[in-house]
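Since the structure comes first, as structure tokens, the remarks are kept for the end.
Number of protein chains: 2
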Amino acid sequence: MNKEFRNQESNTQGDGYLPGLAIDAVIFGFHDNQLKVLLLAYKNTGLYALPGGFIHDDEDVNQAARRVLLDRTGLTNIFLDQFYVFGDYSRYDPEPLRAIMLARGYTPPADHWLLKRFISVGYYALVDFTKAIPTPDAISDSCDWYSLDNLPQLMQDHNQIIQKALQTLQTNLDQKLIGFNLLGEEFTMGELQSLYETVLGKKLIRAAFQRKILSLGILERIAKKFTGGAHKAPYLYRFTSVR
Amino acid sequence: MNKEFRNQESNTQGDGYLPGLAIDAVIFGFHDNQLKVLLLAYKNTGLYALPGGFIHDDEDVNQAARRVLLDRTGLTNIFLDQFYVFGDYSRYDPEPLRAIMLARGYTPPADHWLLKRFISVGYYALVDFTKAIPTPDAISDSCDWYSLDNLPQLMQDHNQIIQKALQTLQTNLDQKLIGFNLLGEEFTMGELQSLYETVLGKKLIRAAFQRKILSLGILERIAKKFTGGAHKAPYLYRFTSVR
DNA sequence: ACTTATTGTATCATTATGTTACAATAATAA
DNA sequence: TTATTATTGTAACATAATGATACAATAAGT
Chain U
0 MNKEFRNQES NTQGDGYLPG LAIDAVIFGF HDNQLKVLLL AYKNTGLYAL
50 PGGFIHDDED VNQAARRVLL DRTGLTNIFL DQFYVFGDYS RYDPEPLRAI
100 MLARGYTPPA DHWLLKRFIS VGYYALVDFT KAIPTPDAIS DSCDWYSLDN
150 LPQLMQDHNQ IIQKALQTLQ TNLDQKLIGF NLLGEEFTMG ELQSLYETVL
200 GKKLIRAAFQ RKILSLGILE RIAKKFTGGA HKAPYLYRFT SVR
Chain L
0 MNKEFRNQES NTQGDGYLPG LAIDAVIFGF HDNQLKVLLL AYKNTGLYAL
50 PGGFIHDDED VNQAARRVLL DRTGLTNIFL DQFYVFGDYS RYDPEPLRAI
100 MLARGYTPPA DHWLLKRFIS VGYYALVDFT KAIPTPDAIS DSCDWYSLDN
150 LPQLMQDHNQ IIQKALQTLQ TNLDQKLIGF NLLGEEFTMG ELQSLYETVL
200 GKKLIRAAFQ RKILSLGILE RIAKKFTGGA HKAPYLYRFT SVR
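Protein chains in written order, with numbering that gives the first Met the number 0: chain U, 0 to 242; chain L, 0 to 242.
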């Protein structure tokens, strides 16, 4: 990986990559009843950013996004979808990348490809928090989960990108039943409801939620989960993969 | 316009344009109870294609899409939205563009920028059929409406692009009330229902449709429309712009 | 055995949608 | 002028979906 960025850096014209096009990935996880996103902190710069990358000139754009996701989380077979292209001219700001390269002790030439204008394809992914292994890229100190309601200031327009991704997630939550991708294999109805409430940012009616979800016929009841709490044990459910 | 393409053609390295990025626009219209799209036929090649274009290096991508729409229809202030980025490597096929340039009597160099791989941002627009003035670009014979259920074979993956645009239109029809953009200022309930039926490809129940639409409180009843038919005259409605 | 918190579900209320019916009414024909 | 016809607007009822409340079942602690 370090190799990859060194290549992107010293390869001043970006040979082998599609010029001017990048990927930004909003990777959602769910933990402690909080919706989280994966962020990178860049070395010696105080800059935070979304995981992202560039597209090889013989690679599908969607495939490049999967590669980014794999590199940052170790996960494959994950829900991942485009949600918007960020292409305003006003986004153009070479300073953060210049700062990152300078902080690495590399002074890029003025016409370095990474300092040119980039259009970014926004992707959002829903991953099982417990399965992802956050992995920094070559030029970042850390790759970590940050709660959505407590985000740091991000590079460029990355905060807005996250907002737009969240909107997309909210409108597609029921419609495409994508929410399940944020949970593990097995979960209780309470956990599922809590996920929905967190994503949508509002309370749902317990009885109605349970009835609705069960009526979809996509859940399989497995066993009871003895939580150790002084109350009836909830059932565990599993998403019936056959659809 | 001719000037613009001559510039794109003779400017073999595409200076002034974002490299490798294009726009394809699926422009929907509604007429004679049919959903139509605007297509270009290219000179001396027998090729049909979606209207499209490139992005100036100081231009917003969305703005470039508006420019394409304006150039092909003469319309501004139109519903226009991104719906997908077509970025598979397998799309890459320089032959159609080479054929177009050759048919114009221009032999492009092997490294001509228009023969390189392009990623395409798909936009869909909903326009008032009666207001649009289909206008060919510099290298096409014609710009015309084609019924969706009777499309010619299109260049590259443009047929699939239209299919994806249609899916997007269908899922967003109620949700965002975008359907109204396909009608003129004033319309009858029957016309609106017919539009919905055509887009969704299924019959709707008249009484329920009317009740539902009216309950949204977004329509203003204006006057009766005397159609000349031997029956009660329907009311004309207008979309209340205030939302 | 009693208490507590939580779960699963039944019950009823309310709202939304599907279905049928019918009066109102333009244009035409008698 | 008066019937005829096709279509519209909407009422009325039936069915389905959702909201709200209630309550029995039940783990675990006391």
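Where a beta carbon is used, it is the ideal one built from N, C-alpha and C, also for glycine.
How close, in whole Å, do the beta carbons of residue i and residue j come, if the pair is a contact with beta carbons under 8 Å?
| i | j | result |
| --- | --- | --- |
| residue 108 of chain L | residue 11 of chain L | 6 Å |
| residue 38 of chain U | residue 145 of chain U | 5 Å |
| residue 41 of chain U | residue 153 of chain U | Going by Cβ atoms, the distance from residue 41 of chain U to residue 153 of chain U rounds to 11 Å, so no, they are not a contact pair. |
| residue 137 of chain L | residue 3 of chain L | 7 Å |
| residue 217 of chain U | residue 238 of chain U | 6 Å |
| residue 167 of chain L | residue 82 of chain L | 4 Å |
| residue 88 of chain L | residue 59 of chain U | 5 Å |
| residue 127 of chain U | residue 182 of chain U | 7 Å |
| residue 150 of chain U | residue 161 of chain U | 7 Å |
| residue 223 of chain U | residue 234 of chain U | 6 Å |
| residue 54 of chain L | residue 68 of chain L | Actually they are not in contact, since the Cβ atoms of residue 54 of chain L and residue 68 of chain L sit about 14 Å apart, beyond 8 Å. |
List the residues that DSSP assigns as beta-bridge partners of residue i.
| i | result |
| --- | --- |
| residue 123 of chain L | L:25 and L:80 |
| residue 105 of chain U | Note: residue 105 of chain U sits in no beta bridge, so no partner. |
| residue 91 of chain U | Answer is none; residue 91 of chain U lacks a bridge partner. |
| residue 223 of chain L | L:234 |
| residue 36 of chain L | L:27 and L:145 |
| residue 215 of chain L | According to DSSP, residue 215 of chain L bridges with nothing at all. |
| residue 48 of chain L | L:39 |
| residue 208 of chain U | None, per the DSSP bridge assignment. |
| residue 179 of chain U | Per DSSP, none; premise fails for residue 179 of chain U. |
| residue 9 of chain L | DSSP output for residue 9 of chain L lists no bridge partner at all. |
Considering only C-alpha positions, which residue in the set the options is nearest to residue i?
| i | options | result |
| --- | --- | --- |
| residue 36 of chain U | U:93, U:236 and U:165 | U:165 |
| residue 6 of chain L | L:84, L:100 and L:172 | L:100 |
| residue 134 of chain U | U:73, U:196 and U:93 | U:73 |
| residue 86 of chain L | U:170, U:69, U:61 and U:185 | U:61 |
| residue 156 of chain L | L:16, L:84 and L:102 | L:84 |
| residue 121 of chain U | U:104, U:176, U:58 and U:52 | U:52 |
| residue 117 of chain L | U:20, U:227, U:196 and U:193 | U:20 |
| residue 197 of chain U | U:79, U:206, U:136 and U:169 | U:169 |
| residue 208 of chain L | L:223, L:192, L:217 and L:219 | L:192 |
| residue 194 of chain L | L:14, L:23, L:26 and L:31 | L:31 |
| residue 26 of chain L | L:214, L:180, L:235 and L:112 | L:180 |
| residue 29 of chain U | U:131, U:67 and U:171 | U:131 |
| residue 79 of chain L | L:142, L:112, L:63 and L:91 | L:63 |
| residue 141 of chain L | L:149, L:16 and L:49 | L:49 |
| residue 129 of chain L | L:189, L:171, L:185 and L:89 | L:185 |
| residue 95 of chain U | U:104, U:106, U:77 and U:114 | U:114 |
| residue 232 of chain L | L:189, L:158, L:97 and L:106 | L:189 |
| residue 139 of chain L | L:55, L:213, L:112 and L:103 | L:103 |
| residue 15 of chain L | L:75, L:206, L:112 and L:225 | L:112 |
Using three-state DSSP, classify residue i as helix, strand or coil.
| i | result |
| --- | --- |
| residue 237 of chain U | strand |
| residue 116 of chain L | coil |
| residue 0 of chain U | The predicted position of residue 0 of chain U is uncertain, since its pLDDT is 47 and thus under 50; no value can be drawn from it. |
| residue 54 of chain U | strand |
| residue 229 of chain L | coil |
| residue 128 of chain L | coil |
| residue 259 of chain U | Absent from the model: residue 259 of chain U. The displayed extent of chain U is 0 to 242, so no value can be given. |
| residue 196 of chain L | helix |
| residue 184 of chain U | coil |
| residue 173 of chain L | coil |
| residue 70 of chain L | helix |
Let me know if residue i comes out buried or exposed under the rule of 16 or more other beta-carbons within 10 Å of its beta-carbon.
| i | result |
| --- | --- |
| residue 200 of chain L | exposed |
| residue 18 of chain U | buried |
| residue 242 of chain U | Low confidence applies to residue 242 of chain U: its pLDDT is 47, below 50, so where it sits in the model is not reliable, and the reading given next is rough at best. With fewer than 16 Cβ atoms within 10 Å of its Cβ, residue 242 of chain U is classed as exposed. |
| residue 8 of chain U | buried |
| residue 57 of chain L | exposed |
| residue 210 of chain L | exposed |
| residue 123 of chain U | buried |
| residue 23 of chain U | buried |
| residue 230 of chain L | exposed |
| residue 178 of chain U | buried |
| residue 221 of chain U | exposed |
| residue 125 of chain U | buried |
| residue 105 of chain U | exposed |
| residue 214 of chain U | exposed |
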